Structure formats: structure tokens, C-alpha cells
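J.: Residue 83 in numbering that gives the first Met the number 0 is what sits at position 84 of the sequence shown, and the numbering runs on without skipping anything. Below is a structure I'd like to ask you about.
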Amino acid sequence: MTTAKRKIEQRGIVLVMVPLLFELIFVGVLAKMLLDARNQLFEERRARSVVTTVSVLSRRTQTAARILARYTNDREPALLEQYDRVIAPAPGEFKELRALVKDRPEDLRTVIALEHSVLKAIAILEDCKEVFGQKNNKMAHLVYYPRLYRAGMTAEKEMDTLLQRYRAKERADREANDRASGIIFAWLAIGVLFNVGVAIILAVFFSRSITRRLEVLTDNTMRLSEKRPLSERVEGDDEIAELDRVFHRMADALHEADRLKQDFFSMVSHDLRTPLSAVQGTLTLLLDGTYGELEPRGEDRVRVAQAETERLMSLVNNLLDIERLESGQLAVAPSPLELAPLVKAAVESVRSLSEAKKIEIVSNVEDVLLSADKERMMQVLINLLGNAIKFSPPESRIEIAGRIADGTVDISVTDSGTGIPKDVGDSIFDRWRQAEPDSGVDRGSGLGLAISRHIVEAHGGEIGYESREGEGSTFFLRIPVPEDE
Ligand code: ADP
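Printed below as a string of C-alpha cells:
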């Protein structure tokens, strides 16, 4: 049971875990790609910063050289101030540049060399500034220009190398970044589609394997209630299969219980009814004087015994009837019947009871034909009339009416007896149900109305009642008239 229990649980876990696992792998791959793309973007930005800073530095040194060249001619002190302003940020920019390439040893070496060359050129410029300012040193530029030119050229070359390297890098990084974006998007689409696919396939597989077998179980419950043979056992060893096994075992036990009940009832019918009939017969013979005259007291006792035996016999008969009706063993055989003679016979058969209570039974029956099983319909009418007499006060009136209405033959029995409490409802037609068991009226078994309902329903009809407590009741039946009649 425990292992079986785990089976569906395991399937449920697989159903959830498999897509989850794929999702995790997929998210992991995506995260790695995004990280790479981010690094590339960072590299691209760094390359761009290097390119910009080097360009600025290059422009700065050229501008500074140009300002000094003008100063050689004009000797304007303002030009010297301008020169200082232009050259001042260079050391800071070199620092920035070094920080940008600090984790790339080769580039760092290039930047340091470049800085060195530029500083050298700046030192020469500084010298120039000093020397060119002296009035007696007019030819100094002949010495300094070539030195400046060489230093400038070296710095320019180094800047060019760095610029080209970083421009190429910037381009390569940008392209790689574009490519990475495309790949990430493709992965995203593939991942989502794949995950949805896996989830759908698993869900379909899982629910098919469960619902198909659950349908068999549901069908089996219907079959059991309709007393049809059950389907084959469902395959598998999970809890559905276990449930099916238990269900089959339960159905077998029910069949066995049914069989035992049938045996019991046939035992009752043979072994109880036979001696009861013998006792009844003997009591009748006793009353008839076959075994000698009885004392009046003895006669009274025998009459009571006879009534009790009759009660017992009717209880046994009722029990057998309801059992056979419920198990479908007692089929009704309808045939065309005239209602008026049927009602008359039923009234006759309860006459001794009604006369004992001085109750008048008024029959108000139209001349109609109905299709019914004579014996069974008679049983229903006698039961309804018997109840009406039982629950009516002496010297009252009972009316039995019958008429054809709207495709049915309607029969009703109205009394002015005790009535039935409102809360009882339709349960009055259940087996053993009695409205007021302690009412003091000589009660029967509580089976009469249950049997009547079975018989009426077996005719395709319905039975019901209307009642007011303390005022009386009307029990009615509606039996459908066959189409061709
Ligand atoms: P019983 O053998 O007890 O009469 P029934 O199935 O015929 O069994 O009736 C069940 C119960 O319904 C009765 O015990 C009684 O409480 C109530 N009942 C039936 N018919 C009437 C009626 N005409 N008036 C009042 N109560 C009734």
C-alpha cells in the first residue's frame, strides 16, 4: 500500500520536477550568456574610454606644441598661460588611462611607454618655454625643434598603436555583443518552447494514464449499482489499481451478502411460512370445533392467537414481497383492467375492518380502463384503504375516487383521520418508516407503503400524498395510460 501510494506521488513529482530541471538548466545557460554579454559590454565601454582618452591626450599635446610655436613668434605671455591650461590635465588623464588598462599588462606597458614619451615631449616643451623666452637666444628653436619633433613622433606613434588596437577591439566587442544578443534571444525562444512542450507532453501522459483508469472505476460504480458485471481489473500497481482491487473485493463481498440474503429469504419463505400455515389451519380447526367445543375464554384466546398468526403471516409475506420487488425478482405483468370492479373488490376485502369501526367507504370511480397487474394493484389499494381505516376515527368517512386525466389514471383515497406530520415528507414511503410509532394505533410493519411505491413505480406511475395533521390525508396514485389506449 505504501509503495503503491508512492507511485502516483512519484509521478506527480516527475511531472513537476522534469520541467523544473529543464528550466533550471536553461536559466543557468541564459545566466552564463548574460554574464558573458555583460562582460563584453564592459570591455566595449572600456575600449571606447581608452580610445577617447588617448584621442584627447593626442589633441592636447598637439595643441600645446602649436601654442608654443606661436609663442616663439609672438612672445605673448598670455600664450604661455594658455599652454599651461592645455597641458595641466594631461597627468590626470594618464592616471585614468592606466586605471583603464591596469588588468592588461601589455596595454599597461604601452600606456606607461606612451606616458613616458609624452612626459618627455612635455619636458622638452617646458625647456622650450624657458629658452624661447630669453631674448638673446633666438636660434634656440633650431636645437629644440628636431628634438621636439622626434619626441612628438614617438608619442604619436605609440598613441596610434594604442588607438588602433582599441578601435579594433571596440569593433570586435560590439560585433560579439550583437551576436550574443541574437543567441540569447534564440535560446530564450527555444527554451520556452521546449519547456512548454515537455510540460504539455508530461501533463497529457499523466492525466491520460490516470483519467482513463478513473473512468473505468466510475463506470464500475455504475455497473455495481445497476447489478451489471464489472469491467476487467485496471492495470498498474498504484493507488488507482489498489482502489480498483478493493472495489472488486467489495463487489464480491456484496454479491456474497446478496446471495446469503436470498438464501435467508427462501429459508423464511419455506421454513417459516409452512409451519405458520399449519398453525393457522390448526387454530381455524380449533375454532370450528373439530377438536371439541371450546370454553368461551379458550375461544377468545384462540381468536387472539389467530389474529397474531395472521399478522405474522402478513409480515412474512410483506418482507418477501419487498425483497423480491427490490431485487427485481417480482416483475409486474400489466394487462387491461377495468378500474371500477377492481376498486369494488378492494373495498370488499377491507369491509370487515371498516365495519368493525363503523366507517363508511364511498366509492367515486369513473368507468375507466387501466393497464396494470391485477393482483399487485389490488395489493396497493387494499394497503391504502387499510391504512385509511386504521388511522381514521370510528364512524367517519373514507372516499376512494378514480378518474382519467391527462394521460394517466388517477386514484385517490381520502380519509379524515390523524393526518401525517409535515416533517415526515416522502420518507413515509421508506421501509419500516412509521409517522408516529407511539400513536397507539395498532401499527403494521411499516412496509405497506414501501411495497406500494415499488409496485406503482414498476407500472411507470407515481404515488404521493397530501395531509393535514389532525384533519386527514389523501393518498393518490397516477398510472400512465398506454399510448395506444
Ligand atoms: P404500516 O404497516 O405501519 O401501516 P405503511 O407503510 O403502510 O406501514 O405506513 C407507514 C406509516 O405511514 C404508518 O405507520 C403511518 O404512520 C403512516 N400512514 C400511512 N397511511 C396513513 C393515513 N391514511 N393516515 C395517517 N397516517 C398514515
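Glycine included, every Cβ here is placed at the ideal spot set by N, Cα and C. Predicted model only: the values in this text are computed from it and were never measured.
For the ligand ADP, is there any heavy atom lying closer than 6 Å to the beta carbon of Ile427?
T.: For the purposes of this step, residue 427 is taken as the residue at position 428 of the sequence shown. For the ligand ADP, at least one heavy atom lies less than 6 Å from the Cβ of Ile427.
J.: Rounding to the nearest angstrom, what Cα-Cα distance links Ala355 and Val215 in this structure?
T.: Working through the sequence shown from its first residue, we reach residue 355 at position 356. Working through the sequence shown from its first residue, we reach residue 215 at position 216. Cα to Cα, Ala355 sits roughly 60 Å from Val215.
J.: Roughly how many angstroms lie between the CA atoms of Ala3 and Ile12, to the nearest whole one?
T.: Against the sequence shown, residue 3 aligns to sequence position 4. Against the sequence shown, residue 12 aligns to sequence position 13. With a pLDDT of 48 at Ala3, under the threshold of 50, the predicted position of this residue should be treated as unreliable, though the coordinate-derived value follows. So the two alpha carbons sit approximately 15 Å from each other.
J.: In angstroms with no decimal places, state the Cα-to-Cα distance between Ser451 and Val408.
T.: Position 452 of the sequence shown, counting from 1, holds the residue named residue 451. Position 409 of the sequence shown, counting from 1, holds the residue named residue 408. Approximately 16 Å between the Cα atoms of the pair.
J.: Does Val245 pass the burial test, meaning 16 or more other C-beta atoms within 10 Å, or should it be called exposed?
T.: In the sequence shown, residue 245 corresponds to position 246, counting from 1. Classification of Val245: exposed, given that the 10 Å Cβ count is below 16.
J.: Write down the C-beta distance between Leu384 and Val364 rounded to the nearest angstrom, noting that I regard them as a contact closer than 8 Å.
T.: Sequence index remark: in the sequence shown, residue 384 carries index 385 (1-based). Sequence index remark: in the sequence shown, residue 364 carries index 365 (1-based). Actually they do not touch by this definition, with Cβ atoms about 13 Å apart.
J.: Of the choices Ser326, Asp287, Arg211 and Gln163, whose alpha-carbon is the least far from that of Glu234?
T.: As a working note, residue 234 is residue 235 in the sequence shown. For the residues Ser326, Asp287, Arg211 and Gln163, the minimum Cα distance to Glu234 belongs to Arg211.
J.: Quick check: does the Cβ of Asn316 come within less than 6 Å of any heavy atom belonging to the ligand ADP?
T.: Stepping through the sequence shown from its first residue, residue 316 is reached at position 317. Outside the cutoff, so no.
J.: Taking 8 Å as the limit between beta carbons, can you name the residues of its chain near Leu284, skipping five residues before and five after?
T.: By one-based count along the sequence shown, residue 284 stands at place 285. Within the same chain, Leu284 has close Cβ partners Tyr290.
J.: Quick one: Cα of Tyr144 to Cα of Val110, how far?
T.: For the purposes of this step, residue 144 is identified with residue 145 of the sequence shown, where counting begins at 1. For the purposes of this step, residue 110 is identified with residue 111 of the sequence shown, where counting begins at 1. Near 25 Å, if we compare the C-alpha coordinates of Val110 and Tyr144.
J.: Look at the Cβ atom of Asp172, then the Cβ atom of Gln39, and state whether they are nearer than 7 Å.
T.: In the sequence shown, the residue the question calls residue 172 occupies position 173. In the sequence shown, the residue the question calls residue 39 occupies position 40. Going by C-beta atoms, Asp172 is nearer than 7 Å to Gln39.
J.: Let me check understanding here. Comparing Cα to Cα, which of Leu229, Ser180 and Val53 lies closest to Leu29?
T.: As a first step, residue 29 must be located in the sequence shown, where it is residue number 30. Measuring from the Cα of Leu29, the nearest candidate turns out to be Ser180.
J.: Return the residue from the list Val197, Arg296 and Asp236 that minimises the CA-CA distance to Ser208.
T.: Counting from 1 along the sequence shown, the entry for residue 208 is found at position 209. Ranking Val197, Arg296 and Asp236 by Cα distance to Ser208 puts Asp236 first.
J.: I think Tyr165 touches Val49, with their Cβ atoms under 8 Å apart; what is that distance to the nearest whole Å?
T.: Residue numbering aside, residue 165 sits at position 166 when the sequence shown is read from its first letter. Residue numbering aside, residue 49 sits at position 50 when the sequence shown is read from its first letter. Confirmed, about 5 Å.
J.: Assuming Gly416 contacts Pro392 (C-beta within less than 8 Å), just tell me the rounded distance between them.
T.: Residue numbering aside, residue 416 sits at position 417 when the sequence shown is read from its first letter. Residue numbering aside, residue 392 sits at position 393 when the sequence shown is read from its first letter. About 7 Å separates the two Cβ atoms, so the contact holds.
J.: Opposite Asn176 in the DSSP bridges: which residues?
T.: As a working note, residue 176 is residue 177 in the sequence shown. In DSSP, Asn176 forms no bridge with anything.
J.: Runs of 4 residues minimum, wholly inside the segment 67-145: which ones carry the alpha helix (DSSP H) assignment?
T.: Runs found: 76-86, 89-99 and 104-132.
J.: Among Gln9, Asp159 and His115, whose alpha-carbon lies nearest the alpha-carbon of Arg51?
T.: Counted from its first residue, the sequence shown places residue 51 at position 52. Per the sequence shown, the amino acid found at residue 51 is Thr instead of Arg. Ranking Gln9, Asp159 and His115 by Cα distance to Thr51 puts Asp159 first.
J.: Taking 6 Å as the cut-off, is the C-beta of Phe475 nearer than that to any heavy atom in the ligand ADP?
T.: Along the sequence shown, read from residue 1 onward, the residue named residue 475 stands at position 476. No, the Cβ of Phe475 stays beyond 6 Å of every heavy atom of the ligand ADP.
J.: Is it the case that the CB of Gly447 approaches a heavy atom of the ligand ADP more closely than 6 Å?
T.: Numbered from its first residue, the sequence shown carries residue 447 at position 448. Result yes, Cβ under 6 Å from the ligand ADP.
J.: Please report how far the alpha carbon of Thr473 lies from the alpha carbon of Arg222, in whole angstroms.
T.: Stepping through the sequence shown from its first residue, residue 473 is reached at position 474. Stepping through the sequence shown from its first residue, residue 222 is reached at position 223. Going from the Cα of Thr473 to the Cα of Arg222 covers about 38 Å.
J.: Taking the straight line between their C-alpha atoms, what separation do you get for Glu157 and Phe21?
T.: Within the sequence shown, the letter at position 158 stands for residue 157. Within the sequence shown, the letter at position 22 stands for residue 21. So the two alpha carbons sit approximately 52 Å from each other.
J.: Taking Cβ to Cβ, would you say Leu286 is nearer than 7 Å to Val301?
T.: Residue 286 sits at position 287 when you count from the first residue of the sequence shown. Residue 301 sits at position 302 when you count from the first residue of the sequence shown. Between Leu286 and Val301, the C-beta gap is smaller than 7 Å, which places the two residues in contact.
J.: Select from Val15, Leu329, Leu213 and Ala122 the residue whose C-alpha is nearest the C-alpha of Asp83.
T.: Stepping through the sequence shown from its first residue, residue 83 is reached at position 84. Comparing Cα positions, the closest option is Ala122.
J.: I need the straight-line Cα distance from Ile200 to Val191, nearest angstrom please.
T.: Start at 1 with the first residue of the sequence shown, and residue 200 comes out as number 201. Start at 1 with the first residue of the sequence shown, and residue 191 comes out as number 192. Looking at the two C-alpha atoms, the distance is approximately 14 Å.
J.: Taking C-beta to C-beta, are Thr413 and Glu394 nearer than 7 Å?
T.: To locate residue 413, count along the sequence shown from 1; it is residue 414. To locate residue 394, count along the sequence shown from 1; it is residue 395. Their beta carbons are not under 7 Å apart, which means Thr413 does not touch Glu394 by this criterion.
J.: Put Val364 into one of helix, strand or coil per three-state DSSP.
T.: Position 365 of the sequence shown, counted from the first residue, corresponds to residue 364. Residue state, collapsed to three classes: strand.
J.: Decide if Leu477 is buried, meaning its Cβ has at least 16 other Cβ atoms within 10 Å, or exposed.
T.: The residue given as residue 477 occupies position 478 in the sequence shown. One detail in the question is off: residue 477 reads as Arg in this sequence, not Leu. Only buried fits Arg477, as 16 or more other CB atoms lie within 10 angstroms of its CB.
J.: What is the DSSP secondary structure of Leu23, counted as helix, strand or coil?
T.: For the purposes of this step, residue 23 is identified with residue 24 of the sequence shown, where counting begins at 1. Helix at Leu23.
J.: Among residues of its own chain, excluding the 5 on either side of Glu155, which ones have a beta-carbon nearer than 8 Å to its beta-carbon?
T.: Mapped onto the sequence shown, residue 155 falls at position 156. Excluding sequence neighbours, Glu155 sits near Ser57.
J.: With 16 other CB atoms within 10 Å as the buried threshold, where does Leu314 fall?
T.: Within the sequence shown, numbered from 1, the residue matching residue 314 stands at position 315. Exposed.
J.: Any heavy atom of the ligand ADP closer than 6 Å to the beta-carbon of Gly416?
T.: The residue given as residue 416 occupies position 417 in the sequence shown. Because some heavy atom of the ligand ADP lies under 6 Å away, the Cβ of Gly416 counts as near it: yes.
J.: Can you grab the Cα-Cα spacing for the pair Ala198 / Glu322, in whole Å?
T.: Along the sequence shown, one-based indexing puts residue 198 at 199. Along the sequence shown, one-based indexing puts residue 322 at 323. Distance between the alpha carbons of Ala198 and Glu322 is about 54 Å.
J.: Using only CA atoms, which one of Ala256, Leu118, Ala89 and Phe390 lies nearest to Ile358?
T.: Start at 1 with the first residue of the sequence shown, and residue 358 comes out as number 359. Checking every option, the nearest Cα to that of Ile358 belongs to Phe390.
J.: Measuring CB to CB, does Glu114 end up less than 7 Å from Phe93?
T.: Locating residue 114 in the sequence shown gives position 115, counting from the first residue. Locating residue 93 in the sequence shown gives position 94, counting from the first residue. Yes, Cβ-Cβ distance for Glu114 and Phe93 is below 7 Å.
J.: Return yes when the C-beta of Ile485 is under 6 Å from any heavy atom of the ligand ADP, and no when it is not.
T.: Given a span of 0 to 484 for the chain in the structure shown, any question on residue 485 remains unanswerable.
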